[in-house]
Every structure is written in C-alpha cells, then in structure tokens.
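Some notes on the structure that comes next.
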Amino acid sequence: MLGKVALEEAFALPRFAERTRWWAGLFAVDPDKHAAEINDIVETRIKYMDQYGVGYQLLSYTAPGVQDVWDKQEAEALATEVNDYIASTIKSHPDRFGAFATLSMHDPKQAAEELRRVVTKYGFKGALVNDTQRAGPDGDDMIFYDQPEWDVFWSTVTELDVPFYLHPRNPTGSIHDKLWAPRKWLIGPPLSFAQGVSLHLLGMVTNGVFDRHPKLQIVIGHLGEHLPFDLWRINHWFEDIKKPLGLKETCKKTIREYFAQNIWITTSGHFSTPTLHYCMTEVSADRILFSIDYPFENFHDACTWFDATEINDVDRRKIGKDNASKLFKLGDFKDAKA
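Going by full-length UniProt numbering, the first residue of the sequence shown is number 1, and it counts up by one from there.
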C-alpha cells in the first residue's frame with residue numbers, strides 16, 4: 001500500500017548522542033545502528049519511506065524525553081529547544097514530515113502555552129507526551145494529567161483541535177526499584193509500558209477528563225496498550241459495580257463510548273494479524289491508525305505485515321492513511337491519493 005501515514009516515529013537531539021546510544025542499548029540489539037537512525041531525521045528515513053510505501057511521518061522526541069527531566073526550568077527549556085530543532089529540520093519536506101509538540105508537563109499553563117506556540121507558529125499536528133512527568137527534588141514524584149488542575153491544558157488542546165498522543169516511558173525512582181528492578185526483562189514493551197499508559201488513560205476516564213472535554217482526542221500506541229482486551233471486564237465493573245458505588249459522579253459514559261468518541265489506537269510495534277482483527281472487532285477500523293515505532297521497530301516488519309495482512313481494502317486504507325489524514329488534518333503528502 002502506498003501513502004501510509006506513520007505516527008509514532010522517534011527522533012533525538014544530536015547533542016545527546018551518547019545518552020541516545022545508552023538508551024538504545026536497553027532496547028536495541030545494535031545500539032550504534034539505532035542511534036544513527038534516530039538522529040538521521042531526513043535522508044535515511046525518506047529512503048525507508050520510499051522503499052516501503054510510507055508517504056508521511058509524524059515525528060516525536062524519543063522517550064523518555066522531557067518527561068524524564070524533573071527540574072521544571074530545565075524541562076521547559078529542553079522542550080522549546082526540541083520543538084524549534086525539529087521544526088527547522090523538517091521545514092523543507094512538508095509533504096513527507098510533520099511533528100508532535102514536545103512538552104514539559106510540570107505546569108499545565110506553561111504546557112498549554114508551548115503547545116499553542118508550536119501549533120500556531122510551526123503547524124505542529126498535536127502533542128506527544130511520554131506518560132507521567134517526573135518531578136520532586138529527586139525525581140521520584142509523578143505528575144498525572146487526570147486532575148482538575150489540568151483542565152486549562154486540555155481546554156487548550158481542544159481549542160486548538162489537535163490530538164494528544166499518550167506514549168509510554170520507562171519506570172523510574174522507587175516504582176522502578178520496588179516493582180521492576182527485580183524483574184528487569186519486563187521493563188518496556190513486554191509489560192511496563194502498557195501498564196503505565198493504561199493506568200494513566202483509565203485515570204483520565206474515571207476522573208472525568210473526557211466528560212469535561214468531550215471533544216478531546218487521545219491516541220495510544222501498541223494496539224491499545226492491552227486495554228481492548230479488557231474492555232468487557234472494565235465495562236462490567238464500571239457499569240455494574242463502580243458506578244453504583246459513586247463512579248457515576250465523575251464518569252458519565254461507558255468505557256466503550258469513550259473508545260468510540262475520544263480514544264484512538266495505533267499499530268505501533270504490534271504487528272499481529274489476529275490481534276489487529278480483535279481490535280477491529282472491539283473498537284472498529286474507524287479508530288485504528290497505522291504506525292511503526294521507528295527506530296525501535298523497523299520499516300520492513302511493520303510495512304510488509306500491514307500491506308499483506310488479511311483485512312479488506314477499505315479498512316486497510318482507513319487504518320493505513322485515511323483515518324490519520326482526517327484526524328490530524330493533513331494536507332497533501334506523497335501518495336495520499338494512491
């Protein structure tokens with residue numbers, strides 16, 4: 001399929017080359033190759049895109065990113081640097097690349113201001129944030145965005161009419177030490193990523209974020225971070241047990257309604273046809289978006305799987321590009337109409 005749109009595609013700052021290589025060593029068999037690819041934003045990427053039929057990529061600063069910086073001023077300065085850097089890097093290729101805003105999430109008003117700046121100045125297509133923001137004197141605190149003080153931020157997101165991608169990051173601090181350090185092989189894609197994002201997203205559901213901001217659109221990766229497989233059980237317990245106990249005060253709709261109206265999932269890093277079929281049954285092809293998770297995953301695996309996977313051509317086109325084009329209001333891009 002030509003003209004695919006990929007949404008969870010990472011880049012890094014060149015000045016952090018050694019840090020990037022160290023981080024890559026936690027996930028990649030070949031850290032040097034990974035580090036080279038994540039820093040080569042245009043040349044190598046476009047070659048892969050042309051080879052595998054990807055017309056357009058939305059780029060985002062690699063995890064853990066600014067969410068790993070617990071000093072507020074440092075985090076805000078880094079976010080601004082990243083946003084200005086990626087805007088200047090891709091400005092000559094508007095038909096191939098767009099960008100998500102990188103945000104410090106220490107202060108909801110400042111995060112809203114930076115989002116507004118890059119959407120209005122650079123035409124960024126939304127924001128991607130790596131789960132909770134580290135905070136506190138030693139970085140052991142975690143800021144969630146599901147409390148009322150974040151309404152000023154979510155109001156800005158919906159006013160600008162851009163999606164928000166809730167992406168995972170690695171566990172840190174005492175949570176890492178107590179839960180994950182003794183089980184280090186479960187950190188990342190095997191388990192910890194999905195647990196973090198699913199907790200955060202369900203917190204937004206149960207704490208009324210979507211009821212207060214009904215137009216808010218949230219994207220999560222990896223075919224839904226395990227949530228589609230628990231929808232029946234979540235719905236049963238929310239509707240039959242938790243709401244009679246008081247949940248109905250902050251959670252007005254059913255979990256299935258939030259997935260139908262506010263939540264999208266992508267195929268990033270999860271290239272399984274049976275899993276895709278299941279998610280299509282639970283949330284429909286209308287709420288699924290193609291993605292790769294480059295360079296943590298590769299173009300070949302993602303694209304050859306998706307192009308050949310057993311779904312009808314209408315759904316393939318929806319998932320592959322049409323849903324993303326509508327959600328992110330993309331203009332013309334390579335092979336958009338192919």
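Heads up, the beta-carbon is just placed ideally off N, CA and C, and yes, glycines get one too. Computed from a predicted structure; not experimentally measured.
For R134, which residues does DSSP report across the bridge? The partner list for R134 (beta bridge, DSSP) reads M142.
Which residues DSSP lists as bridging F164, in chain order: Paired residues: A127, I218.
Is there contact here, the segment 239-248 with the segment 179-195, by at least three beta-carbon pairs under 8 Å? The answer is no - the segment 179-195 does not touch the segment 239-248, with fewer than three Cβ pairs under 8 Å.
Quick check on the DSSP output: the beta strand (DSSP E) that includes A264 runs from which residue to which? Looking at the sequence provided, one finds Trp at residue 264 rather than Ala. It spans 263-266 - the beta strand (DSSP E) in which W264 sits, taken as one unbroken run.
By the three-class DSSP mapping on this structure, what secondary structure does I41 have? Here I41 sits in coil by DSSP.
I need the DSSP call for residue 426, collapsed to helix, strand or coil. As displayed, the chain neither begins before 1 nor continues past 338, which places residue 426 out of reach and without an answer.
Hey, quick one: how far does the beta strand (DSSP E) through Q57 stretch, first residue to last? Where Q57 is concerned, the enclosing beta strand (DSSP E) stretches over 54-61.
Touching by the beta-carbon criterion (3+ pairs, under 8 Å), the segment 167-178 and the segment 226-240: Here the segment 167-178 makes no contact with the segment 226-240; the two share fewer than three CB pairs at distances below 8 Å.
With a threshold of 7 Å on Cβ separation, who are the neighbours of D332 within its own chain once the five nearest residues in sequence on each side are excluded? Cβ neighbours of D332 beyond the five flanking positions: D95.
Got a sec? Which residues, its chain only, sit under 8 Å from H300 by beta carbon, not counting five neighbours each side? Closer than 8 Å at the Cβ level, and outside the excluded window around H300, lie Y52.
Segment limits, beta strand (DSSP E) that includes R100: This sequence places Phe at residue 100; Arg is not what is there. 97-101 is the extent of the beta strand (DSSP E) around F100.
Alpha-carbon to alpha-carbon, D71 and G65: Taking the straight line from one Cα to the other gives about 13 Å.
Expressed to the nearest angstrom, what Euclidean distance is found between the alpha-carbon atoms of T273 and E9? Each residue's Cα considered, the two are about 21 Å apart.
Let me confirm a value: S284 is counted as buried when at least 16 other C-beta atoms fall within 10 Å, else exposed. Which label applies? Looking at its Cβ environment, which holds fewer than 16 other Cβ atoms inside 10 Å, S284 is exposed.
7 Å CB neighbourhood of A75 in its chain, flanking five on each side removed: Around A75: V66, V69, S104, H106.
Using CA coordinates, which residue listed in G221, N312, V209, G98 is at the minimum distance from K252? Selected option, being the one with the closest Cα: V209.
Using CA atoms only, rank isn't needed, just tell me which of H93, A79, T89, D84 is closest to Q110. Its Cα nearest to that of Q110, the residue A79 stands out among H93, A79, T89, D84.
Mind checking D322: buried by the 16 CB within 10 Å criterion, or exposed? Classification of D322: buried, given that the 10 Å Cβ count is 16 or more.
Would the C-beta of A112 count as close to the ligand FAD, meaning under 7 Å from any of its heavy atoms? The model on display carries no ligand, and the ligand FAD is accordingly not part of it.
Would you call D240 buried or exposed, if buried means 16 or more other Cβ atoms sit within 10 Å of its Cβ? With fewer than 16 other Cβ atoms from the protein chains shown falling within 10 Å of its own Cβ, D240 counts as exposed.
Going by DSSP, what residues sit across from K4 in a beta bridge? As computed with DSSP, K4 is found in a beta bridge with V54.
Roughly how many angstroms separate the alpha carbons of Q147 and E249, rounded to a whole number? Cα to Cα, Q147 sits roughly 14 Å from E249.
Return the Cβ separation of S291 and L26 in integer angstroms, given the expectation that the two are a contact with Cβ distance under 8 Å. In fact, because the Cβ distance is near 21 Å, the residues do not count as touching under 8 Å.
Less than 8 Å between the C-beta atoms of F100 and G126, yes or no? Result yes, Cβ atoms of F100 and G126 sit closer than 8 Å.
Counting only the same chain and skipping the five closest in sequence on each side, list residues whose C-beta sits under 6 Å from that of T89. For T89, where only same-chain residues beyond five positions count, the Cβ hits under 6 Å are I41.
Pull up the DSSP beta-bridge partners for I288, would you. Partner(s): I265.
My assumption, with CB atoms under 8 Å, is that P163 sits in contact with D131. Please give the rounded CB distance. By a beta-carbon distance limit of 8 Å, P163 does not contact D131. Their separation comes to about 16 Å.
Confirm, please, whether the CB-CB distance from L128 to S60 is below 8 Å. Going by C-beta atoms, S60 is nearer than 8 Å to L128.
Starting from the Cα of A135, find the closest Cα among Q73, R117, E113, A12 and give me that residue. Among Q73, R117, E113, A12, the Cα nearest to that of A135 is on Q73.
Nearest CA to the CA of W237: which residue from H222, T254, G221? Minimum Cα distance to W237 is reached at T254.
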